[in-house]
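Chemist: Here's a structure for you.
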């Protein structure tokens, strides 16, 4: 009876979205690196040929996962985490340095990127740890250990140094939020922090502090009857001022030059379309020139003539934007949004805390990649080298996201059999 | 379910909000802001100028005189030219590192972002070598264009050359020319520039991020085609030109041959000449300087720019104008005692022989100075008017023969020569009481008289036609339709009635065809050539040899003037050249004895380089030795203030010292 209904319990809608994204990625990689001498989409000498192998392999990996018992992932999560941590240490020792990051372990003709799998391992262990807490009310100690589980791989990835991949781990804040470890206030404060961060870089910090003081003064004046609020406002003002000064200090002394430049370009502080701003500029030109309906398959001049670097990997969205226009781009974004919302609904229907936490982890990481990657190609966020999930060329990225998704689908398909 | 279930909505809200922000942003850059499309087009589009093929110039029989040959300009966009293998590049285009740096700096000064020419006119071989490696040199690309090529290496002065436009050309063209374009700078190339240059085209080519060409934009929808320039059929006879240039090798002087019935110039040689291919290609600059410094001035177009005293050949004009003026007629006879005494018998203008009683025809045949002394005296002194007035009338008659004014040939730079006005003499002698004896040397074409070889040949054409000529020209038909310019179809009268030509032609015929005539040795079997030798006295060195002729006597096909500087007797040096050219043209053969031919081919009358002040010395010695020639030399001396107009051979010589 159970065997008979096995495939029926799989969330085929998610699988369809997964496959759609993989195929969209494949066709656009084909367009991005199209080589007229290798016109076959299966030509193994090219990225698109290789991507077809990766997709096929991903399919096998995905369905293999569906066959494995869901409990296996729960029980082995510490082991998986340990193995990945070891690989992350190993990559620092024997890794291949590609583009300034020591992030790859060469395996024959294939290069493994452990940081991609780090997210999977972290999600699993985090879900395992948080779900194992018997205390129903979130406490600070659990938050602390949970944070450590996340920050340990982050530190190792930062050593490569691969800031982009490391940042992706911070998306797991949504998990802590959903599970109640992080409150609304903190989320608001986070938003305020980001706003002040941007302002601090754009405007002189003393001006900001002055404006803040003015707002605080007005608030205190209007709330002068309520002593409690006066203290709160004062503390907040003081904290914000210190933060603004710290941001400025960190910006000047902690960030590396190229990171600083990327932020400057984004904020329009430096205009250098041939140097630091080249990628962003060409990427925006590619997407912008797509207009409403796009230039058509294989017709993108920016794409075809290699004006955008990293076109098949981090900047794959340029090809979509240029060749399929606003309509095509919107379709892709709609697919992602549908997938993300679907993941949340899957998460919420899980009976076990483990599965729910894990599902939120998957959704968070996927969301972060989606937002940062597309945001960077259109100039919303600084250029951070992370792939667009399932679309970008590359085996490690495709497999890790596939594994992330299919483990979730495995939990989902057996949710009635698992009781938390 | 747990207590924080509601937070699901916050997270969903964030996801949706971000997606909307992204879509809004995409809507802005893709649909609203059009500048990205423009930038994308600017990225890939290179407007490549397609240079039209310049019109080909043919000879009168359809043989190619000037054609086009492909060459390749190497262009560089300095900002893109980074990290290239300069050593390899220098080696491929044959440069040293300094040359490379100089060119890069120049290109950068022009614009770092726009392509400018790095090296011009690479040959096909150099281009082939370079092309293999071109992908290594980011920022460099090659544009092909054509340059002129001259298969027979002939007629440089009349065909002219092209050169890069200068700022003035660009300004004057009101936008037609752009830096780097070529323009006809001399000769036919310049005279017919508007027809030859054609219309530039633009090709919209796509390039990739490394600036490599990737085919045409929108299948060439927005391209404009280059329109080739009109072809020109020149009046030149290539074979005759080749022969004439061979004959004039190592000599200074001119050959001009005209078809009398049309005014078409069959041959125009300015010697010494040079290979027109020198003015093409990467060595052009060096060659140009070399030609400029050459003391024999090969770039000087002698047939239209050098003027000489015509010497005895002028007697033909003197005889014709005197008949028309009614001062002599066909039967007029003067007695020649071996010279013409004038100025109360104190001075004499000598003849080479004692001719005795001389008729008009005989005076031409034997080139009798005395006869023309009397004729000129009658022209000036016996017309019932003052000397200057009579002189002006005579001068007007000469002008109708094209003397002292430009003929309007379609070759830029034509000079008018010189026939002084009566004022000139009035001023010189202090009053207007002067008579023929004051400038008697004009009667025999010496003294203050400058005639270009083209004018001389045109006089022969007038005589051949018995009284009229067509404006001498070098281009017979334009373009595929073979358009002929109207001004070349206009018959121009020389102002002397046809009947007065017969005695002169008879004299010229006898000079060549009767034993003892000055040109008897260069007669042509079976062709009645009419000719006149001239030996122009040159106080600065050897005399200039002149011969002009037309043939055959009836229904003439060719009128020719040959002028060889510093050669000696006209009959000895210019005559054989005329003989060979005329016979070659009329009968396509040469029967002149081989030894005479060889003597002409081997003769070298080029000045020896670096003879300081030679002309000054010669002048003073000739003055003291030969008092009879005093008026002539003094005439030249006083003509010197007019040097700009009067390009005398002595000026040419002085030019090189």
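Residue numbers (the working numbering), protein chains in the order written: chain D, 11 to 430; chain R, 24 to 680. Yeah, the Cβ is synthetic: ideal placement off N, Cα and C, and Gly gets one too.
Determine, for residue 301(D), whether the minimum Cβ-Cβ distance to residues of chain R falls below 8 Å.
Modeler: Judged by the 8 Å Cβ criterion, residue 301(D) is in contact with chain R.
Chemist: Is residue 244(R) buried or exposed, if buried means 16 or more other CB atoms sit within 10 Å of its CB?
Modeler: When all chains shown are included, residue 244(R) counts as exposed.
Chemist: Among 34(D), 58(D), 35(D), whose alpha-carbon lies nearest the alpha-carbon of residue 44(D)?
Modeler: Minimum Cα distance to residue 44(D) is reached at 58(D).
Chemist: Is residue 381(D) close to chain R, meaning its C-beta is less than 8 Å from at least one C-beta of that chain?
Modeler: It does; some Cβ of chain R falls within 8 Å.
Chemist: If we ignore side chains and look at the alpha-carbon of each, how far apart do residue 448(R) and residue 463(R) end up?
Modeler: Cα to Cα, residue 448(R) sits roughly 12 Å from residue 463(R).
Chemist: Determine the extent of the beta strand (DSSP E) in which residue 452(R) is found, giving its start and end residues.
Modeler: Looking at the DSSP string, residue 452(R) is not in any beta strand (DSSP E); the run it does join, the alpha helix (DSSP H), is 445-452.
Chemist: Among all the DSSP beta bridges, which residues are the ones paired with residue 28(R)?
Modeler: According to DSSP, which records beta bridges pairwise, residue 28(R) is partnered with nothing at all.
Chemist: By a C-beta neighbour count over all protein chains shown, 10 Å radius and 16 as the cutoff for buried, is residue 408(R) buried or exposed?
Modeler: Answer is exposed; the Cβ neighbour count stays below 16.
Chemist: Given this structure, state the Cα-to-Cα distance separating residue 629(R) from residue 178(R), to the nearest angstrom.
Modeler: Whole-angstrom Cα-Cα distance: 19 Å.
Chemist: Examine chain R for any beta-carbon lying closer than 8 Å to the beta-carbon of residue 188(D), and answer yes or no.
Modeler: With 8 Å as the cut-off, residue 188(D) counts as an interface residue toward chain R.
Chemist: Distance, Cα to Cα, residue 182(D) vs residue 246(R)?
Modeler: Using only the alpha carbons, I get a separation of about 56 Å.
Chemist: From the beta carbon of residue 116(R), is the nearest beta carbon of chain D less than 8 Å away?
Modeler: No - not a single Cβ of chain D is within 8 Å of the one on residue 116(R).
Chemist: With 8 Å set as the bound, which would you pick, yes or no: does the beta-carbon of residue 421(D) sit closer than that to a beta-carbon of chain R?
Modeler: Not closer than 8 Å to any Cβ of chain R, the Cβ of residue 421(D) fails to qualify, so no.
Chemist: For residue 379(R), which beta-bridge partners are listed by DSSP?
Modeler: In the DSSP output, where bridge partners are listed per residue, residue 379(R) has 359(R).
Chemist: Measure from the alpha carbon of residue 398(D) to the alpha carbon of each residue in 389(D), 85(D), 263(D), 411(D), then state which is nearest.
Modeler: Residue 411(D) is the option with its Cα nearest to residue 398(D).
Chemist: Helix, strand or coil, according to DSSP, for residue 184(D) in the structure here?
Modeler: In this structure, residue 184(D) counts as helix in the three-state DSSP scheme.
Chemist: According to DSSP, is residue 284(R) part of a helix, a strand, or is it coil?
Modeler: DSSP places residue 284(R) in coil when its eight states are reduced to three.
Chemist: Mind listing which residues of the segment 387-413 of chain D have their C-beta closer than 9 Å to chain R's C-betas, in chain order?
Modeler: Cβ contacts with chain R: 388, 389, 390.
Chemist: Quick one: using the 10 Å Cβ neighbour count with 16 as the cut-off for buried, is residue 132(R) buried or exposed?
Modeler: So residue 132(R) ends up on the exposed side.
Chemist: Tell me whether residue 594(R) sits in a helix, a strand or coil according to DSSP, three-state version.
Modeler: Reduced to three states, the DSSP call for residue 594(R) is helix.
Chemist: In three-state terms, what does DSSP make of residue 114(D)?
Modeler: Residue 114(D) falls in the strand class under three-state DSSP.
Chemist: Within 10 angstroms of its Cβ, does residue 621(R) collect 16 or more other Cβ (buried), or is it exposed?
Modeler: With fewer than 16 Cβ atoms within 10 Å of its Cβ, residue 621(R) is classed as exposed.
Chemist: Give me the subset of the segment 305-326 of chain D whose CB atoms are less than 7 Å from a CB atom of chain R, sorted by chain position.
Modeler: Result list: 311, 312, 315, 316, 317.
Chemist: Please compile the residues from chain D whose C-beta is within a distance smaller than 8 Å of the C-beta of residue 66(R).
Modeler: Within chain D, the residues near residue 66(R) are 292, 295, 311, 312, 315, 317.
Chemist: Excluding the five sequence neighbours on either side, which residues of its own chain have a C-beta within less than 7 Å of the C-beta of residue 347(R), listed in chain order?
Modeler: Closer than 7 Å at the Cβ level, and outside the excluded window around residue 347(R), lie 420, 518, 519, 520, 523.
Chemist: Which residues of the segment 26-50 of chain D have a Cβ closer than 9 Å to any Cβ of chain R? Give them in chain order.
Modeler: From the segment 26-50 of chain D, no residue has a Cβ closer than 9 Å to chain R.
Chemist: Roughly how many whole angstroms lie between the Cα atoms of residue 62(R) and residue 332(D)?
Modeler: In a straight line, the C-alpha of residue 62(R) is about 13 Å away from that of residue 332(D).
Chemist: Please report whether the beta-carbon of residue 157(R) lies at a distance below 8 Å from any beta-carbon of chain D.
Modeler: So no, residue 157(R) is outside the interface.
Chemist: How is the beta strand (DSSP E) around residue 463(R) delimited, first residue to last?
Modeler: Segment: none, residue 463(R) is in no beta strand (DSSP E) and carries neither H nor E.
Chemist: On the DSSP bridge assignment, give the partners of residue 228(R) in chain order.
Modeler: Per DSSP, 69(R), 239(R).
Chemist: Pairs of beta-carbons, one from the segment 90-107 of chain R and one from the segment 265-284 of chain R, closer than 8 Å: are there three or more?
Modeler: These segments do not touch.
Chemist: If you measure beta-carbon to beta-carbon, which residues of the segment 162-193 of chain D are closer than 9 Å to chain R?
Modeler: Flagged, chain order: 184, 187, 188, 189, 190.
Chemist: Are the beta-carbon atoms of residue 493(R) and residue 286(R) separated by less than 8 Å?
Modeler: Yes.
Chemist: For chain R, is any of its Cβ atoms less than 8 Å away from the one on residue 339(D)?
Modeler: Yes, because at least one Cβ of chain R sits closer than 8 Å to the Cβ of residue 339(D).
Chemist: Does the segment 73-91 of chain R come into contact with the segment 253-260 of chain R, if we say contact requires no fewer than three beta-carbon pairs (one atom in each stretch) closer than 8 Å?
Modeler: Contact holds: three or more Cβ-Cβ distances are below 8 Å.
Chemist: With the cut-off set at 8 Å, would you say residue 203(R) and residue 216(R) are in Cβ contact?
Modeler: Not in contact: residue 203(R) and residue 216(R) (Cβ atoms no closer than 8 Å).
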